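If you read the sequences in order, they're chains A and B.
At position 153 of the first sequence the residue is numbered 1137 (our numbering), and the sequence of numbers has no breaks.
At position 141 of the second sequence the residue is numbered 1125 (our numbering), and the sequence of numbers has no breaks.
Heads up, the beta-carbon is just placed ideally off N, CA and C, and yes, glycines get one too.
Keep in mind it's a predicted model, so treat the numbers as computed, not measured.
Accompanying notes for the structure given below.
2 protein chains.
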Amino acid sequence: MINNHTPHNRTIEVCLSPALIDLFDIEHSIVVVIDILRATSSICVGFENGADHIIPVSTTEESLAYREKGYLVGAERNGEMLDGFDLGNSPFGYMGPHIKGAKIALTTTNGTRAINAAKTANTVVVGSFLNLNALCAWLKEQDNNVVCLASGWKNAFNLEDTLFAGAVVDKLIEEFSYSSNCDSAIASQHLYRLAKDDMYGFLENSSHRKRLERLHIESDIEFCLTPNQTTAIPILKGDCLYNLKVLEKANL
Amino acid sequence: MINNHTPHNRTIEVCLSPALIDLFDIEHSIVVVIDILRATSSICVGFENGADHIIPVSTTEESLAYREKGYLVGAERNGEMLDGFDLGNSPFGYMGPHIKGAKIALTTTNGTRAINAAKTANTVVVGSFLNLNALCAWLKEQDNNVVCLASGWKNAFNLEDTLFAGAVVDKLIEEFSYSSNCDSAIASQHLYRLAKDDMYGFLENSSHRKRLERLHIESDIEFCLTPNQTTAIPILKGDCLYNLKVLEKANL
């Protein structure tokens, strides 16, 4: 079979905050939305555990309204699960039999908002260290340029999302011949290479780790920084995230 | 004399794009505006060479209108000096007898716009590698927190401005006991430490160096990356930049 891809012309860029997304040509790109601590990690875990689909919504009210339609409803604000919801933002909450086949509506401080900010992209997928290799292998097979979108914290730059963006840049440039003329991609790659042998230690002084310290979720953080625990690739179709492989099997 | 400063409580943050400035409490901070290639470097050189004051303006029309008031007028767009102006954005244009005592109006693609974006700050000063040590020594004597504002390129992140922000972070944290809870400050410091022994080489693949390559201004770039060639600290008073030392001598 002839491979019609044009791998030498594809580019990878990094958008360090949802507030900067208008600087990028996302209409013709695949956007990888990143919220390592913890929305996009939890979403990947949800699909690994058989979730049917996940609807990212902007407000807690929208999320709650889905309960009467048979959804599990999830909400996190400032790092904490809100009262009256089934799920928060911990990846461990997205494991177990209650997730298999579940329809989930989820709102988080940053991640689900970033997914919605990227809606005009050619394609939106969800990335985390948990699906790093699977995601990059899939990107390699696509024709489009890639923009990694770091969710950050309320539009501010954050370190862990940038490290993951750097991991994607490193893989796509070094292994799959993508190019980049984007300084934030170069910076992210440098930071990832500095950090990769001990990401947990590297992030010790980061703002978000300090923010989460009071919540005693060190095990969440260690888990979210451990690469390649799933091959699930969540992809946005309309307003819903699905597991790409399940969609492909169903020929949707 | 009793020193009333409270050096242990001061913080340093980095704003990676003028589009993100609203995330920072600049009303109570000193903002260091950074446009290494080349506006803030040229402004520092102008004061080193005796410029009386420099007015950063947003448009070429505004700049040109100052000519009839006896000003030297400067304008750069997309890296090039515009026809009909006395000065562009090369630091070498800001040396020589025509600068001594001159009043200058200047508009550039990024730097002068960033200065104007910071106008609501407690204090606005101009930084470049050229005045690094003098600037940091002065900051140390002030009571305010510091926000480094990278001008970037049309609101996009750029590497050389981030490296200089990292140099300021490194000095203020390591030598002067500032603290930071800001991920972009941590990232900038890491990148500066990676780059500092060969900044020119480190920037070889950066977007702006590539952008400027066609202009054959390698000597401008080498000059702008050479630390501590002046002790001038440009400071904004009203709409004008002055040389801080000259202001202090005149007790203004």
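Judged by DSSP secondary structure, residue 1107 of chain A falls within the beta strand (DSSP E) whose first and last residues are 1107 to 1111. Contact between residue 1019 of chain B and residue 1089 of chain B does not hold, since their C-beta atoms are separated by about 17 angstroms, which reaches or exceeds 8 angstroms. By the rule that beta-carbons nearer than 7 angstroms mark a contact, residue 1082 of chain A does not touch chain B. Nearest to residue 1071 of chain B by alpha-carbon distance, out of B:1218, B:1053 and B:1023, is B:1023.
Distances from the alpha-carbon of residue 1182 of chain A to those of A:1162, A:1210, A:1106 and A:1160 put A:1210 closest.
Leaving aside the five residues that flank residue 1005 of chain A on each side, the residues in its chain whose CB is nearer than 6 angstroms to its CB run, in chain order, 999 and 1101. DSSP places residue 1060 of chain B outside any alpha helix (DSSP H); the residue lies instead in the beta strand (DSSP E), whose first and last residues are 1056 to 1061.
Buried is the label assigned to residue 1155 of chain A, since at least 16 other Cβ atoms lie within 10 Å of its Cβ. Residue 1146 of chain B and residue 1030 of chain A have their alpha carbons spaced roughly 37 angstroms apart.
The contact set of residue 1146 of chain B on chain A, defined by CB atoms closer than 7 angstroms, consists of 1171 in chain order. Chain A places no beta carbon closer than 7 angstroms to that of residue 1160 of chain B, leaving this residue out of the contacts. Ranking A:1028, A:1224 and A:1196 by CA distance to the CA of residue 1116 of chain A puts A:1028 first.
For residue 1017 of chain B against residue 1077 of chain B, the beta-carbon gap comes to about 20 angstroms, at or over 8 angstroms, which does not count as contact.
With a threshold of 7 angstroms between beta carbons, residue 1035 of chain A makes no contact with chain B. Not one beta carbon of chain A lies nearer than 7 angstroms to the beta carbon of residue 1134 of chain B. If you check each beta-carbon in the region 1170 to 1199 of chain B against every beta-carbon of chain A, the ones closer than 7 angstroms belong to 1170, 1171, 1174, 1175, 1178, 1189, 1190, 1191 and 1194.
The DSSP-derived three-state label of residue 1023 of chain A is helix.
Residue 1047 of chain B carries a helical assignment under DSSP once its states are collapsed to helix, strand and coil.
For the C-beta of residue 1105 of chain B, not a single chain A residue is nearer than 7 angstroms; the gap to the nearest is close to 18 angstroms. Residue 1058 of chain B and residue 1061 of chain A have their C-alpha atoms some 49 angstroms from each other. Using a Cβ-Cβ cut-off of 7 angstroms, residue 1209 of chain A is close to nothing in chain B; its nearest Cβ partner there is about 15 angstroms away.
Per DSSP, reduced to three states, the secondary structure at residue 1079 of chain A is coil, with no helix or strand assignment. Distance from the Cα of residue 1158 of chain A is smallest, within the candidate group A:1081, A:1177 and A:1065, for A:1177.
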